[in-house]
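Let me begin by presenting the structure, written as structure tokens, before commenting on it.
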Amino acid sequence: AFASGGSAGYDHKAMGITARGGWEAVKRHFRELGKDTQAEDFTAIGVGDMGGDVFGNGMLLSRHIRLLGAFNHLHIFVDPDPDPARSFEERRRLFEEARGWDHYDGALISAGGGVFDRKAKSIKVSPQMRGAFGLTQDAVTPNELIRAMLRAPVELLWFGGIGTYVKSSEESHLDVGDRANDALRVNGEELGAKVIGEGANLGMTQKGRIEYALRGGRLNTDAIDNSGGVDCSDHEVNIKILLGKAERDGRLTREQRNELLAGMTEEVAALVLRDNYLQTLSISVTERLGAHLLDRLGRYTRSLERAGKLDRALEYLPDDEELAERFNAGRGLTRPEISVLLSYAKIDLFERLMSSGLPSDPYLDLELKRYFPRPLQERFAEDIEAHRLRREIVATQVTNAVVNRMGIAFIHEVGEKTGMPADEICRAYLVTREAFGLRDLFAAIEALDAQVGADVQYAMLIECGRLAERFVVWLLRNEPQGFDIAALVEQYGSGVAELKQVIGELLHHDDRRALEAEVARFAEAAVPEALALRIASAEYLGSAGDVVRIARESGLPVVEAGRLYFRIGSRFGFDWLRRLAGRLPRDSAWDRLAVTAIVDDLYGYQFQVAQSVVVAAAASPTAKRRGKRKAGESGGDTAELALDLWAAERTVQVTRTDQLLAELRAMASPDLAMLAVANRQLKSLVGG
């Protein structure tokens with residue numbers, strides 16, 4: 007932070023916030039490739055110089071960078087076999103002195119390298135340069151050397167300088183509109199780097215990014231990688247608005263304000279980088295789901311088009327024909343395409359929330375408070391609540407929380423299922439997040455960065471997403487519109503907490519074995535056992551709403567209601583059938599709708615059977631008499647008794663159901679038609 011002329015702000019060069027945000031994306035790319043940029047050496051090519059903000063900061067974010075070459079508008083730097091430690095210190099010296107590549111200590115450059123003037127007619131190619139950049143000539147022009155560097159098979163290409171250096175093979179240089187770099191520019195399919203970090207703006211055309219990504223390259227877009235700078239500016243403005251009132255009221259002098267700003271520099275940076283982290287995480291989870299999400303993302307894209315909010319051609323998003331081709335090929339959207347659609351999803355949701363009453367909900371004071379650094383939360387709590395941009399900040403916070411965690415098409419899909427508007431869906435998500443302790447769960451998963459494989463983390467996050475979506479839909483179908491967030495968090499949170507503690511004990515034999523197998527699978531991937539159990543339990547905790555409702559309506563303790571509910575799920579194959587449904591193809595809209603409808607029916611029937619059993623047990627003299635447990639008798643005995651008495655009164659339906667389930671279990675590969683027949687048979691239990 008700096009103070010100047012009576013005002014103060016966050017100096018992006020001092021903070022390196024734009025580069026640090028882009029580096030979050032780079033680290034994620036490398037983690038997905040199984041490499042830790044903070045512990046393992048990696049090769050890089052750079053565009054920019056150490057005296058520049060983005061490039062200089064970026065090249066100081068890891069001591070393991072082996073910078074083989076870089077160029078700016080004046081010079082070309084080549085170091086074919088750099089020493090990571092010594093070159094890092096020299097880069098830092100240049101950065102602190104704001105010097106260009108021509109001031110690099112030549113004694114530190116490896117054999118065959120050097121610093122070359124871009125005005126030179128030709129540059130002699132050393133054997134080391136041939137090996138590093140795939141050159142065959144004895145001499146090349148500066149532009150030829152730069153093109154070879156851009157095509158070099160390195161691990162990272164970091165853009166930190168002005169200019170557009172990559173287009174697609176379908177574009178002309180005229181299309182790009184950057185004549186100064188026409189002689190340097192290469193096509194996306196020619197790039198040799200595994201990962202691209204876009205510290206600068208417009209280093210590539212969007213079509214160039216997509217072409218590179220379709221060939222296996224890893225990148226986002228400049229808007230995603232550079233979002234830290236914009237986010238930092240937003241925080242700065244909102245903090246100054248907050249402190250402005252305290253200044254006007256005489257509670258804070260300008261000098262005190264500037265000192266406070268300076269002291270919060272790193273915490274502001276941490277808040278900003280957290281946003282970068284979560285945004286790239288969302289893109290990665292979406293990419294991992296690939297073709298499974300393609301139809302859903304296509305449907306959402308078309309809905310945006312119909313609303314006049316998106317022009318697919320303008321944003322180079324695939325049309326319906328290309329979507330079909332990709333679906334048949336088993337591949338989804340590329341990261342650059344996901345990045346664009348993610349941005350539109352956030353804009354769309356923000357607008358919907360701003361036109362609703364949700365941002366004014368008192369419960370969301372917590373979201374508002376979390377936006378600001380702790381010193382402000384502690385000293386200016388009342389000013390935060392009265393912030394004149396309160397609604398905008400809250401809407402932004404909720405938008406990021408929902409889209410980053412639940413995905414691009416979540417609001418659209420849940421809206422189609424339930425008919426509920428976006429603000430009600432967000433309200434249900436906030437209840438779900440707090441009731442299930444998802445914030446802590448997310449943190450535990452993210453704490454495993456560089457300790458377990460990225461795919462393992464993404465698989466766990468996907469399970470969390472499924473749990474959350476299941477409960478969100480349940481809430482929207484079972485609670486009145488405009489429900490009180492705090493009241494439902496308290497109502498369901500305590501019940502969920504009880505179930506989480508004993509979920510393994512409540513499940514019957516087959517389901518318990520399935521749970522234990524899932525825990526073992528995650529444990530084998532180095533996930534701590536306690537976390538593995540929480541993730542594996544998500545499949546069963548999705549029914550917590552039904553269990554808590556049964557407990558509330560019957561007067562049973564939550565654990566007892568859960569024991570009965572899960573016993574019914576095992577006895578009549580509800581859980582097994584839902585697991586079977588989860589393995590059926592559901593990539594197309596109609597397959598997904600058919601499977602989802604059956605799964606929803608199965609949950610509904612299981613709840614109705616549980617209700618019926620409770621009512622029957624309460625009315626039965628035998629159940630009342632035998633339901634009084636003797637010392638040492640387990641709750642499972644009571645649940646078994648109640649269920650047995652209920653089943654005895656429905657012998658025909660129960661027998662037919664048992665026979666059908668036995669036939670299905672004997673099948674090598676049950677399909678959707680068989681699942682539909684089972685669904686119809688189970689319906690008879692409710693009507694019988």
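Here this note's numbering is used: position 174 in the sequence shown is 180, and no number is missing along the way.
Built from N, CA and C at the ideal position, the CB exists for glycine as well.
Just so it is clear, the structure is predicted and the values come from calculations on it, not from any experiment.
(message) Under DSSP, the alpha helix (DSSP H) around W582 begins and ends at which residues?
(response) In the DSSP assignment, W582 falls within the alpha helix (DSSP H) that extends over 580 to 588.
(message) With DSSP as the reference, identify every bridge partner of T49, one or two as the case may be.
(response) In DSSP, T49 forms a bridge with R72.
(message) On the CB-based measure, 16 or more other CB atoms within 10 Å of its CB, does G579 come out buried or exposed?
(response) Flag for G579 reads buried.
(request) Reducing DSSP to helix, strand and coil, say where L701 ends up. (result) Since the first residue shown for the chain is 7 and the last is 694, residue 701 is missing from the structure and cannot be characterised.
(request) State buried or exposed for P148, treating a residue as buried only when at least 16 other CB atoms are found within 10 Å of its CB. (result) Answer is buried; the Cβ neighbour count reaches 16.
(message) If the criterion is Cβ atoms closer than 8 Å, does the pair D111 and L248 meet it?
(response) Cβ distance not < 8 Å, so D111 and L248 don't count as in contact.
(request) Could you give the DSSP three-state label for I245: helix, strand or coil? (result) Residue state, collapsed to three classes: helix.
(request) Would you identify the three-state DSSP class for M210, choosing helix, strand or coil? (result) Here M210 sits in strand by DSSP.
(message) Using the three-state DSSP reduction, which class does N193 fall into: helix, strand or coil?
(response) Three-state result, N193: strand.
(request) Could you name each continuous alpha helix (DSSP H) segment of 4 residues or more that falls completely within the stretch 124 to 199, going from the start of the chain to the end? (result) As for any alpha helix (DSSP H) of minimum length 4 sitting wholly inside the stretch 124 to 199, the runs are 133 to 139, 148 to 156, 179 to 182, ordered along the chain.
(request) Might you give, ordered along the chain, the residues of its own chain that have their beta carbon closer than 6 Å to the beta carbon of V346, omitting 5 neighbours on each side? (result) Counting only Cβ-Cβ distances below 6 Å, and skipping sequence neighbours, we find E321.
(message) Would P342 and A199 be called neighbours here (beta carbons separated by less than 8 Å)?
(response) No Cβ-Cβ contact shorter than 8 Å links P342 with A199.
(request) Please list, in chain order, all residues of the same chain as E511 whose beta carbon is under 6 Å from its beta carbon, the five residues on each side excluded. (result) The beta carbon of E511 sits closer than 6 Å to none of the beta carbons in its chain outside the five residues before and after it.
(message) Taking the beta carbon of A25 as the centre, do at least 16 other beta carbons fall within 10 Å, making it buried, or is it exposed?
(response) Burial is judged here by how many other beta carbons sit within 10 angstroms of a residue's own beta carbon; A25 has at least 16 and is buried.
(request) Spatial neighbours of M21 within its chain, please: CB distance less than 6 Å, with the 5 preceding and 5 following residues excluded, ordered by chain position. (result) Same-chain partners within the cutoff: A275.
(request) Measure the alpha-carbon distance for Q614 versus V605 and round it to whole angstroms. (result) Roughly 14 Å between the two C-alpha positions.
(message) Under DSSP, the beta strand (DSSP E) around I202 begins and ends at which residues?
(response) DSSP places I202 inside the beta strand (DSSP E), whose first and last residues are 201 to 204.
(request) Measure the alpha-carbon distance for G314 versus L547 and round it to whole angstroms. (result) Looking at the two C-alpha atoms, the distance is approximately 39 Å.
(message) So, with DSSP's three-state summary, where would you put V565?
(response) Correct three-state label for V565: helix.
(message) On a Cα-Cα basis, can you pick out the residue from L100, M155, R72 that is closest to S116?
(response) Nearest of L100, M155, R72 to S116, Cα basis: R72.
(request) Would you list, in sequence order, the uninterrupted beta strand (DSSP E) runs of no fewer than 3 residues that lie entirely inside the stretch 354 to 395? (result) With a minimum length of 3 residues, no continuous beta strand (DSSP E) run stays inside the stretch 354 to 395.
(request) Can you have a look at R476 and say buried or exposed, based on whether 16 or more other CB atoms are within 10 angstroms of its CB? (result) For R476, the number of other beta carbons within 10 angstroms of its own is at least 16, and it is reported as buried.
(message) So, at 6 Å on beta carbons, what are the nonlocal neighbours of D581 in its own chain, with the 5 sequence-adjacent residues on each side left out?
(response) Excluding positions up to five away in sequence, the list reads D517, G575.
(request) Check R224 in the structure and name its three-state DSSP category. (result) Collapsing the DSSP output to three states places R224 in a strand.
(request) Report the option in A550, L295, V172, P324 whose CA atom is closest to the CA atom of R308. (result) Of the residues A550, L295, V172, P324, the one whose Cα lies closest to the Cα of R308 is P324.
(message) So the candidates are Y350, A538, L277, E440; which of them puts its Cα closest to the Cα of Y306?
(response) Ranked by Cα distance from Y306, the options Y350, A538, L277, E440 are led by Y350.
(message) Does V533 come out as helix, strand or coil in the three-state DSSP assignment?
(response) In the structure shown, V533 sits in coil (DSSP, three-state: anything other than H, G, I, E or B).
(request) Leaving out five residues on either side along the sequence, give the residues of the same chain with a beta carbon under 7 Å from the beta carbon of I491. (result) A distance below 7 Å between beta-carbons, with the five flanking residues on each side excluded, links I491 to the following residues of its chain, in chain order: D367, Y369, R433, L436, V437.
(request) Can you give me the Cβ contacts of A2 inside the same chain, cut-off strictly under 6 Å, excluding the 5 residues immediately before and after it? (result) The requested residue 2 does not occur in the structure, where the chain is confined to residues 7 to 694.
(message) Rounded to whole angstroms, what is the Cα-Cα separation between K246 and A529?
(response) Distance between the alpha carbons of K246 and A529: 47 Å.
(message) Does I414 come out as helix, strand or coil in the three-state DSSP assignment?
(response) Looking at I414 - three-state DSSP - the assignment turns out to be coil, as it is neither helix nor strand.
(request) Return the chain-ordered list of same chain residues with a C-beta closer than 8 Å to the C-beta of A544, the five sequence neighbours on each side being excluded. (result) Spatial neighbours of A544 in its own chain (CB-CB distance under 8 Å, excluding positions within 5 residues in sequence) are listed in chain order as E469, C470, R472, L473.
(request) Name the two residues that bound the continuous beta strand (DSSP E) containing F83. (result) F83: member of the beta strand (DSSP E) spanning 81 to 84, first to last residue.
(request) Report the residue from A567, T663, N334, L156 whose alpha carbon sits nearest the alpha carbon of A616. (result) Considering only alpha carbons, the answer is A567.
(request) Round the Cβ separation of L355 and V409 to the nearest angstrom and send it over; I've been treating them as touching at under 8 Å. (result) With a contact defined as Cβ atoms closer than 8 Å, L355 and V409 qualify at about 6 Å.
(request) Could you tell me which residues DSSP pairs with G120 in its beta bridges? (result) Paired residue(s): V84.
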